[in-house]
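S.K.: Heads up, the sequence shown is in the numbering used here, so the first residue is 13 and it goes up one at a time.
Take this structure, written in structure tokens, and hold onto it; I'll ask about it next.
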Amino acid sequence: MIEIRDLHKAFTLHNQGSAVIPVMAGAHLTVAPGECVALVGASGAGKSTLMRMIWGNYLAQSGSIRVGTLDVAKAEPREILALRREVLGYVSQFLRVVPRVPTVDVVAEPLLTLGVNPAVARARAEALLTRLAIPERLWSLSPTTFSGGEQQRVNIARGFAHDYPAMLLDEPTASLDAKNRETVLSLIEEAKARGAAIIGIFHDEAARARVADREVNVSLFTPGAGEAA
């Protein structure tokens, strides 16, 4: 479902004489349907960089990033947008929404974009908000007014609203209490059970041990790592 081959990335520092800084070389991994792979490695090793390249926010220097049938590294912007709507979900650490949009609409939006009946989409959103302990009195309010933990739960609800065939999870249990952490881990397990291919970053070691089938050490993809070994 997700396959990365010989991926390279460098950043160009335009405000420093266009200096080129290589940050990733020869990255490779595969994730099968129903599998969760955890990205590990020291801080700054490139876990978030790799995830952003899969999402299409960072352009790869060379190599391939295949999600389903699409090579994200070579895809047109419209193809990446379609992939995000239908195939690839992303739960980031930060909730980015249009101000004043009610929380229930924020969560239902991925389904509405796909043409799901509004009543069905709203029911799914309400079920997820209830499961993640967001009180009904808050559903009509914008999540921009919520606490950090509440925003993260709204973010998770939105990320799991549609049954994406592939998912990216960036610290999904951060800022959560024990009860909501358990709910999120259950959502991840349910996504795996229905066949989702998942790549995650988990600093919560117990959470990682529970939901990840294996780990990929991104430090091995640091330029020169092979020579150093």
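Cβ coordinates follow ideal geometry from the N, Cα and C atoms, glycine included.
Please determine if the segment 42–55 and the segment 196–215 are in contact, where contact requires at least 3 C-beta pairs separated by less than 8 angstroms.
M.R.: Yes, since at least three Cβ pairs between the segment 42–55 and the segment 196–215 fall closer than 8 angstroms, the two stretches touch.
S.K.: Assuming contact is defined by CB atoms lying nearer than 7 angstroms, are Gly101 and Gly171 in contact in what I supplied?
M.R.: For Gly101 and Gly171, yes; Cβs fall inside 7 angstroms.
S.K.: Per DSSP, what kind of secondary structure is His20 in: helix, strand or coil?
M.R.: Correct three-state label for His20: strand.
S.K.: Looking at Val113 and Ala137, is the spacing between their C-beta atoms short of 7 angstroms?
M.R.: For Ala137 and Val113, no; Cβs fall outside 7 angstroms.
S.K.: With a threshold of 6 angstroms on Cβ separation, who are the neighbours of Ser76 within its own chain once the five nearest residues in sequence on each side are excluded?
M.R.: Answer for Ser76: Arg17, Asp83 and Ala85, listed in chain order.
S.K.: How would you label Leu93, buried or exposed, when you count the other beta carbons within 10 angstroms and need 16 or more for buried?
M.R.: Exposed, by the Cβ-count rule.
S.K.: Start and end of the alpha helix (DSSP H) containing Val51?
M.R.: Reading off the sequence, residue 51 comes out as Leu, not Val. Element bounds for Leu51: not the alpha helix (DSSP H) but the beta strand (DSSP E), Cys48 to Val52.
S.K.: Curious, which full-length alpha helix (DSSP H) runs of at least 4 residues does the segment 126–171 contain?
M.R.: The qualifying runs are 130–143 and 160–171.
S.K.: Report the three-state DSSP secondary structure of Asp182 (helix, strand or coil).
M.R.: Looking at Asp182 - three-state DSSP - the assignment turns out to be strand.
S.K.: Please state the DSSP three-state secondary structure of Thr195.
M.R.: DSSP places Thr195 in helix when its eight states are reduced to three.
S.K.: If distances are taken between C-alpha atoms only, which option among Ala205, Val118 and Ser55 comes closest to Ala133?
M.R.: The residue with the shortest Cα to Cα distance from Ala133 is Val118.
S.K.: Excluding the 5 residues preceding and the 5 following Gln164 in the sequence, name in chain order all residues of the same chain whose CB lies nearer than 6 angstroms to its CB.
M.R.: Here the set comprises Ser187.
S.K.: Alpha carbon to alpha carbon, how far is Thr141 from Ser231?
M.R.: In the sequence on display, residue 141 carries Leu and not Thr. So the two alpha carbons sit approximately 37 angstroms from each other.
S.K.: Find the nearest neighbour of Asp225 within the set Ile213, Gly236, Thr234 and Phe233, judged by alpha-carbon distance.
M.R.: Ranking the options by Cα distance to Asp225, first place goes to Ile213.
S.K.: Rounded to whole angstroms, how far is the Cβ of Val99 from the Cβ of Ala178, which I believe are closer than 8 angstroms?
M.R.: With 8 angstroms as the limit, Val99 and Ala178 qualify as a contact, their Cβ atoms being about 6 angstroms apart.
S.K.: Quick one: give me the first and last residue of the alpha helix (DSSP H) that Arg112 is part of.
M.R.: No alpha helix (DSSP H) holds Arg112; DSSP gives it neither H nor E.
S.K.: What does DSSP give as the partner residue(s) for Met13 in the beta ladder?
M.R.: Met13 pairs with nothing; no bridge assigned.
S.K.: Looking at Ala173 and Pro89, is the spacing between their C-beta atoms short of 7 angstroms?
M.R.: No. Outside cutoff.
S.K.: Is it the case that the CB of Leu141 approaches a heavy atom of the ligand ATP more closely than 6 angstroms?
M.R.: This structure lacks the ligand ATP, and indeed carries no ligand of any kind.
S.K.: Rounded to whole angstroms, what's the CA-CA distance from Asp182 to Gln105? Just pull it up for me.
M.R.: One C-alpha to the other measures close to 6 angstroms.
S.K.: I need the straight-line Cα distance from Val4 to Ala131, nearest angstrom please.
M.R.: Past the boundaries of the shown model lies residue 4; the chain is included only from 13 to 241, so the question cannot be answered.
S.K.: Report yes if the CB atom of Leu144 is closer than 7 angstroms to the CB atom of Thr195, and no otherwise.
M.R.: The answer is yes: Cβ separation under 7 angstroms.
S.K.: Please classify Ala190: does DSSP put it in a helix, a strand, or coil?
M.R.: Note: Ala190 maps to helix in three-state DSSP.
S.K.: Would you list the residues sitting across from Ile77 in a DSSP beta bridge?
M.R.: Ile16.
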